[in-house]
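Residue numbers are given in this note's numbering: position 37 of the sequence shown equals residue 43, and the series is strictly consecutive.
All C-beta atoms in this analysis are idealised placements derived from N, C-alpha and C, irrespective of residue type, glycine included.
Remarks on the structure that follows.
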Amino acid sequence: MQEINPENTSRAEAFRLWTNAPMPMVTLFKTFNVTKAVRLSRRGYKFNMLLCWCIGRAAAQMREFYLLPAGEKLMQFDRLAVNVIVATHAGGIAPCDVPFSDDLAQFARDYDKLTARVAQTGQAHEPGGDYMVIGTSALASCEIDGAVNIYAGIYNNPFLIWGKYKKKLGKAALRISFQFHHVQMDGSHAAQFLQRLQRELDALKA
């Protein structure tokens, strides 16, 4: 992670416009075909893990995801991680940052190991400041049409939220909300990311 000059990036104008905005976050909603992820989840892979891996794959293809505003600074990262909210054995919740790997088997092993540790200990897992973290929250037991996350001004990371997928005529659909900081990307970049995410879901070998 390193601080960079916004004027040397494609986000210079956005940085000037949105850094001090009282509400710089934007949220888009999209309904995804997750049929292949559901099928693959019946063969040993967790459905939530598969979604997180596809999110990482889609994000890794876009340079905007390696930039993040932090106060009055613009930071650049070399690596990505996907954050998962874990239910702990004590009855609470704790965050777990899973480093992204393009290798599905490796990501699955890291996901299982790290989330199990967080569930057991109740302690958050954060690999350090070298990772640009993509937040997620799965309300897997709830049928919701969407959610908009809070904005506290101290957490500018992109964030995705989803509930329970719906099945109809042999297909599974899931509506996901995607919140992002306008300095990091524009609406067109966010829409492109969501399109890439659907392509990654479609490419799963189920």
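Three-state class that DSSP yields for residue i in the structure shown
i	result
isoleucine 61	helix
aspartate 109	coil
valine 139	strand
histidine 187	strand
proline 30	coil
lysine 52	coil
arginine 85	strand
lysine 173	strand
asparagine 163	coil
alanine 178	strand
valine 92	strand
threonine 25	coil
alanine 197	helix
alanine 144	strand
Proximity winner among the options, relative to residue i (alpha-carbon distances)
i	options	result
aspartate 109	Asp103, Cys58, Ile156 and Asn26	Cys58
histidine 195	Cys60, Ser183, Phe53 and Arg69	Arg69
glycine 77	Phe38, Arg123 and Phe21	Phe21
arginine 181	Phe106, Thr15, Leu34 and Pro30	Leu34
proline 75	Thr94, Asn11, Ser147 and Phe199	Asn11
methionine 31	Asn162, Gln198 and Ile150	Asn162
tyrosine 157	Phe186, Leu145 and Ala146	Phe186
alanine 197	Glu13, Thr37 and Thr15	Thr37
histidine 188	Ala93, Pro164, Gln204 and Lys52	Pro164
Straight-line Cα distance separating residue j from residue i
i	j	result
lysine 211	lysine 42	7 Å
serine 236	arginine 17	The requested residue 236 does not occur in the structure, where the chain is confined to residues 7 to 212.
alanine 178	tyrosine 171	6 Å
threonine 25	glycine 50	43 Å
methionine 7	glutamate 132	15 Å
cysteine 122	glycine 128	What sits at residue 122 in the sequence shown is alanine, not cysteine. So the two alpha carbons sit approximately 10 Å from each other.
isoleucine 91	glycine 152	17 Å
asparagine 89	phenylalanine 106	10 Å
leucine 120	cysteine 102	7 Å
methionine 81	glutamate 9	4 Å
leucine 46	aspartate 116	18 Å
aspartate 136	leucine 175	44 Å
glutamate 149	valine 40	15 Å
Residues bridged to residue i [DSSP beta-bridge criterion]
i	result
histidine 131	Cys102
glutamine 8	Gln82
alanine 76	Lys79
lysine 36	Ile182
With 16 other Cβ atoms within 10 Å as the buried cut-off, status of residue i
i	result
proline 1	Since the displayed the chain opens at 7 and closes at 212, residue 1 lies outside it and no answer follows.
leucine 166	buried
leucine 207	buried
glutamine 126	exposed
glutamine 190	buried
arginine 63	buried
valine 154	exposed
glutamine 96	Inspection of the sequence shows that residue 96 is occupied by alanine rather than by glutamine. So alanine 96 ends up on the exposed side.
isoleucine 140	buried
leucine 23	exposed
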